[in-house]
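Chains as they are written, first to last, in my numbering: chain A, 24 to 257; chain B, 292 to 629. Each residue gets a CB set at the ideal place from its N, CA and C atoms; glycine is no exception. Quick caveat, the model's predicted, so the values are computed rather than measured.
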Ligand SMILES: [Zn+2]
């Protein structure tokens, strides 16, 4: 079974090809290069290094979000078009869960997060080696997230390149229970994405058309419109 | 051997795919419109447009192949709108096109949206040069001179609003829903008299356009009437506005057609579907004895067939894109022939 994994949900990029559970080739980069320019050449490079042709791929997985809207959409567009073009199934995996998988050996509470600007974050909280969900992926003010984590009264392993933006605050609220993983574990890896996808049931090939990103947040214009509607009702 | 190009267009609010044979024949042409989703916002919201494109993109590709009863192996190339347009929207079509081209080992061609609008005419009758194209849409108002395939000279363009934009704004003044063009066109045809609004000719000899002054004149007119407690007559305002737009567009196009001694005049873009404009241009150029064409409505508004028609000429000229292609929201219309 050969998998192609695509991760472009945030600034880092990762592409991997895994055959029967073994990583054949993987790209992980965190440079200032837009995914629209970098992702497709990276897919070509990884497949060529692995000596795999598109037709040999059995399934595709993608980081479905949350993350940068444009980043998530580029990954999802690449993945769903790829899966459809080769007529193989597409599996979506949470971008936060894939990141948490970097530290799944630990028993601790793992909090993966991405900065959503203006003191907001996307966060998912997982537990132990099985990556069971403690707090489902969502969008929140950093203060709201930290309150929830404080209530758990356990050490929390924060993972992600954006953790440093909020780490002072994390220590302020959680004290010694706030831990930041080594920075080498902060980058998402498409091979972890594949490892998670492999545990899921494969969807039908027809389901690919309906595959959409998990934004975890409605578009600003829509939020404003809903607000206006509410006002109108009062 | 016959050439078949699969084309993709996602520069604004239509997700579209088409298959074009030899640059002139439409084998399939699929357009998934988002207009209903944007109506409540009174215009196209880029983030909403991008979200829709991701939902639709593989569906329209599959439908284009299905309607054509073709397999990817029968295709010669994949073409996609590279710019201009909304960057987030462009990226969906571009990345889908890149994957499709890569998986099926096909050449990739990045096409200019306006070149596409102009080449919509190649799907109706052969283009003859020199050719003058009036491109009018929600985002563009341009006079383009073509001396041969792949040669574009923008001899005039709008200095402020695009014609379609002015239509939408005036429609809002008249409490008409988005998109406003068809409503103004309809109202204008119901009127016998018109409110008189200014014409923006700009300096002598200029082929440029300006519609913001006209738009302000309409707003001021409504404002003054409101202050006097008088009701405006929407049909007469619509006619006054449309008369001004049409007169300027027609006169400048005619003057340019004479100066450059063109063999053909074509209209392109969403606003060229406007009945008032169409009729005026048809009459003028019939009298002048210069052949004038405007493609049928579904080839005037955004579609992928026109992208395939333009890409066919690029394909022949050896133009190829690569897998690092990016969206180019401000892409300029440049020549692909040397
Ligand atoms: Zn257009």
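Rounded to whole angstroms, the separation of the alpha carbons of residue 137 of chain A and residue 420 of chain B is 55 Å. Nearest CB-CB separation between residue 372 of chain B and chain A: not below the 8 Å threshold. Judged by DSSP in its simplified three-state form, residue 332 of chain B adopts coil rather than helix or strand.
For residue 254 of chain A, no chain B residue has a C-beta closer than 7 Å to its own C-beta; the minimum C-beta separation is roughly 15 Å. Shown in chain order are the members of the stretch 107-119 of chain A whose Cβ falls below 8 Å from a Cβ of chain B: 107, 108, 109. Against chain A, a Cβ distance below 8 Å from residue 339 of chain B picks out 242, 244, 245. Rounded to whole angstroms, the gap between the alpha carbons of residue 409 of chain B and residue 438 of chain B is 13 Å.
Within its own chain, the residues whose Cβ lies closer than 6 Å to the Cβ of residue 184 of chain A, once the five positions on either side in sequence are excluded, are 209, listed in chain order.
In this structure, the C-beta of residue 428 of chain B approaches ligand 1 to less than 7 Å from one of its heavy atoms. Judged by pairs of C-beta atoms under 8 Å, the stretch 190-206 of chain A does not touch the stretch 81-97 of chain A, as fewer than three such pairs exist. Burial is judged here by how many other beta carbons sit within 10 angstroms of a residue's own beta carbon; residue 103 of chain A has at least 16 and is buried. Around residue 556 of chain B, the same chain offers 423, 548, 576, 581, 583 as residues with beta carbons nearer than 6 Å, after the five sequence neighbours per side are excluded. Rounded to the nearest angstrom, the gap between the Cα atoms of residue 611 of chain B and residue 621 of chain B is 20 Å. Between ligand 1 and the CB of residue 560 of chain B, the shortest heavy atom gap is smaller than 7 Å.
Between the C-alpha atoms of residue 322 of chain B and residue 174 of chain A there is a straight-line separation of about 51 Å. At least one CB atom of chain A sits nearer than 8 Å to the CB of residue 618 of chain B. Between residue 244 of chain A and residue 511 of chain B, the alpha-carbon positions lie close to 29 Å from each other. Distances from the CB of residue 593 of chain B to the heavy atoms of ligand 1 include at least one below 7 Å. The criterion of a C-beta distance shorter than 8 Å is satisfied by residue 411 of chain B and residue 600 of chain B. Here residue 58 of chain A is buried: its Cβ has 16 or more other Cβ atoms, across all protein chains shown, within 10 Å. Counted as a single uninterrupted DSSP element, the alpha helix (DSSP H) harbouring residue 169 of chain A occupies residues 165-175.
For residue 329 of chain B, the Cβ stays outside the 7 Å cut-off from all heavy atoms of ligand 1.
Taking a Cβ-Cβ cut-off of 9 Å, the neighbours of residue 342 of chain B in chain A comprise 92, 96, 235, 236, 238, 242, given in sequence order. For residue 220 of chain A, the closest of A:186, A:81, A:51 by C-alpha to C-alpha distance is A:81. Distance between residue 254 of chain A and residue 567 of chain B, taken at the CA atoms: about 40 Å. Within the stretch 48-76 of chain A, 57, 59, 60, 63, 64, 67 place their CB atoms closer than 7 Å to a CB of chain B, listed in sequence order. Shortest gap from the CB of residue 404 of chain B to any heavy atom of ligand 1: under 7 Å. Counting C-beta pairs with one atom in each stretch, the stretch 214-228 of chain A and the stretch 112-131 of chain A have three or more that are closer than 8 Å, which means they touch. Shown here for residue 225 of chain A: same chain residues with a beta carbon closer than 8 Å to its own, the five before and five after excluded, namely 82, 112, 114 in chain order. DSSP, reduced to helix, strand and coil, places residue 162 of chain A within a strand of the structure shown. The CB of residue 154 of chain A never comes closer than 8 Å to any CB in chain B; the least such distance is about 26 Å. Among the bridge pairs identified by DSSP, residue 597 of chain B is matched with none. Cβ-Cβ separation between residue 502 of chain B and residue 464 of chain B: approximately 14 Å, too far for a contact (criterion under 8 Å). 8 Å or more divides the Cβ of residue 544 of chain B from the Cβ of residue 500 of chain B. Look at the stretch 532-619 of chain B and you find these whole runs of beta strand (DSSP E), each 3 residues long or longer: 555-559. Residue 241 of chain A carries a coil assignment under DSSP once its states are collapsed to helix, strand and coil.
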